[in-house]
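Residue numbers (the numbering used here), protein chains in the order written: chain A, 6 to 493; chain B, 9 to 103.
Right, here's the structure in full:
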């Protein structure tokens, strides 16, 4: 049962092969056994989950079941869920029991889905290895000495270890796609504005976007159908008609034009990508040619500036967003302080971890008097150049492909002392967030036993097409169906 | 460019974050490493390029000026470090 897809579980629930209570208990038992080692979940509350499962079973008995009714899902601990501890991986929110639901949680609740627990993550989603979490690192189920990626590392590890059939993630610079690649999952970052950010704790508001992480494109489509939609509580939510993201899954790929950016595949950039990852990516593209796609070389000339632009814009927005954590209205307050100012400083200094502090300091600096134009405005201008590159590229192709991450999962501790090395592990994903485009990562094979991801980048609002492109590949290959040994 | 310890102290104060003397050197090293990465931007000619605030370039949506949320003060204050009679308590600011 636990190896089944979300779609198959939905079917099993529909024909009463299993109840939601039984299914939820199955996952809770696995979490109890395996989570102490993997550390994928920060919070599990069997009572709450089972009570939701009972309501889902009632909903089904009353004839009101929807596709996700009774399906247990792991929720990244960045989404506020009423009555649940919601920490965002930080000590400063270590005692925060949310008094309200994020819109994403609200929508899953309305669909009858069950919250299995809240998953571990890099503190405030700032990290690419899940090692910045106050609640300890997460281990990659494919190799327990390695990172699962980040920041949605707990969600990725939970799904990879079959501690949940699917999960939510958020992606500001690659935080859905990179952990998906490192844990052999399918992850989708939608077009900016498609999934509501209300109640999703903000890191960099102009880049943050929630999305699904699952074991197949088909399952991602089922989740996205529940997650996406206009929300008047999010001022950047896009008011568009509701879509069925699964509508094109089976469309043939004949005539699909795949753009291959020479900056991803050319010799100079290639040195940044490990040769075995590149080999698997090229093999995946060859498979696409077999499926009827054609390839065309495109260029993203400003791609190399995405790291610089991102590490100005994201910290700038973070420094502003995280100024709300001051020990007054919620979260951690230092035990001892002299006056109000000292209370702010001590609460923040003790409540935030080193990576969060670094980004707050960078952001405060680039926004400070005299530096705003040289850094923040310049970064936003470069952002436009990067976005324009994609506009040009999509005149020649339907989807852009390349690696998701320059390497497979690295060792725990390998990059944690050097922030710049860590930042460079996102070189292929950052530009997609800066441009606000949808992007996916799908499994494309193994290098020395470790999963590798193929990145798919689509034009604005092409999620259904991306899912179609991913699904057809997954019909022709079985990389995505591989499971780590030692978890069953 | 590289930051001076004095600049780091000033920025840390603005952000209400304390950097101890023991951490100062590592922090400075990390920040300067990051700024070296960021400096790649300065060589780019962006004259005439409109800054891009976010992907869809939409104006902020306005809503009608009417009450849409119910009063949930007790629920919101239940998670506060210290409250009294519906007020948040902080150290005395005005003598």
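Beta carbons are placed, not taken as given, at the ideal position from N, Cα and C, and that holds for glycine.
Quantities reported herein were computed from a predicted structural model and do not represent experimental measurements.
Put residue 402 of chain A into one of helix, strand or coil per three-state DSSP. coil
Going by C-alpha to C-alpha distance, which of A:134, A:61, A:172 sits closest to residue 417 of chain A? A:134
What are the start and end residues of the alpha helix (DSSP H) that includes residue 93 of chain A? That residue, residue 93 of chain A, is in no alpha helix (DSSP H); it is neither H nor E in DSSP.
To the nearest angstrom, how far is the alpha carbon of residue 478 of chain A from that of residue 149 of chain A? 29 Å
Following the continuous alpha helix (DSSP H) through residue 31 of chain B, name the residue where it begins and the one where it ends. 29 to 46
Which residues mark the beginning and the end of the alpha helix (DSSP H) in which residue 353 of chain A is found? 345 to 356
From the DSSP output, in three-state form, read off residue 456 of chain A for me. strand
Can you grab the Cα-Cα spacing for the pair residue 98 of chain A / residue 319 of chain A, in whole Å? 21 Å
Do you know offhand how far residue 411 of chain A's Cα is from residue 420 of chain A's? 14 Å
I think residue 314 of chain A touches residue 439 of chain A, with their Cβ atoms under 8 Å apart; what is that distance to the nearest whole Å? 6 Å
Touch check for the stretch 481 to 492 of chain A and the stretch 338 to 358 of chain A: three-plus C-beta pairs under 8 Å? no
When Cβ atoms are compared, which residues of the stretch 391 to 422 of chain A fall closer than 7 Å to chain B? 392
Can you tell me the Cα-Cα spacing of residue 47 of chain B and residue 78 of chain A, whole angstroms? 42 Å
Starting from the N-terminal side, write out each stretch of the alpha helix (DSSP H) that is 4 residues or longer and does not extend beyond the stretch 141 to 170 of chain A. 158 to 165
Closest by CA to residue 219 of chain A, which one among A:89, A:185, A:113, A:239? A:185
Along the beta strand (DSSP E) that carries residue 13 of chain B, what are the first and last residues, could you check? Unbroken run through residue 13 of chain B is the alpha helix (DSSP H), 13 to 22; no beta strand (DSSP E).
Identify the residues that DSSP records as bridge partners of residue 124 of chain A: which are they? A:46, A:81
Could you tell me which chain A residues have their CB closer than 7 Å to the CB of residue 52 of chain B, listed as they occur along the chain? 310, 387
Kindly list, in the order they appear in chain B, the residues whose Cβ is closer than 8 Å to that of residue 9 of chain A. Result: empty, since nearest Cβ-Cβ is about 36 Å, beyond 8 Å.
Please compile the residues from chain B whose C-beta is within a distance smaller than 8 Å of the C-beta of residue 104 of chain A. 80, 83, 84, 86, 87
Alpha-carbon to alpha-carbon, residue 26 of chain B and residue 13 of chain B: 13 Å
Quick check on residue 344 of chain A - is its C-beta less than 8 Å from some C-beta in chain B? yes
Considering only the beta carbon of each residue, do residue 413 of chain A and residue 482 of chain A sit closer than 8 Å? no
For a cutoff of 8 Å on Cβ pairs, would you count residue 333 of chain A as touching chain B? yes
With a threshold of 8 Å between beta carbons, is residue 17 of chain B in contact with chain A? no
Can you list, in chain order, the residues of its chain whose CB lies under 7 Å from that of residue 406 of chain A, leaving out five sequence neighbours each side? 263, 265, 290, 459, 460, 461
Select from A:128, A:127, A:166, A:154 the residue whose C-alpha is nearest the C-alpha of residue 146 of chain A. A:166
For the beta strand (DSSP E) that residue 232 of chain A lies in, which residues bound it at each end? Taken as a continuous stretch (DSSP letters only), residue 232 of chain A belongs to no beta strand (DSSP E), being part of the alpha helix (DSSP H) at 222 to 232.
So with CB distances below 9 Å, who are the chain B contacts of residue 198 of chain A? 62, 63, 64, 66
If you draw a straight line from the alpha carbon of residue 90 of chain A to that of residue 106 of chain A, how long is it in whole angstroms? 12 Å
I'd like the span of the alpha helix (DSSP H) that includes residue 55 of chain A, first residue to last. 51 to 66
Cutoff 8 Å: residue 366 of chain A Cβ touching any chain B Cβ: yes
In the structure shown, what three-state DSSP assignment does residue 263 of chain A receive? strand
Quick check: the Cα distance between residue 443 of chain A and residue 50 of chain B, rounded to an integer number of angstroms? 28 Å
DSSP state of residue 362 of chain A, grouped into three classes? helix
Could you check whether residue 285 of chain A and residue 404 of chain A sit closer than 8 Å to each other, using their CB atoms as the reference points? no
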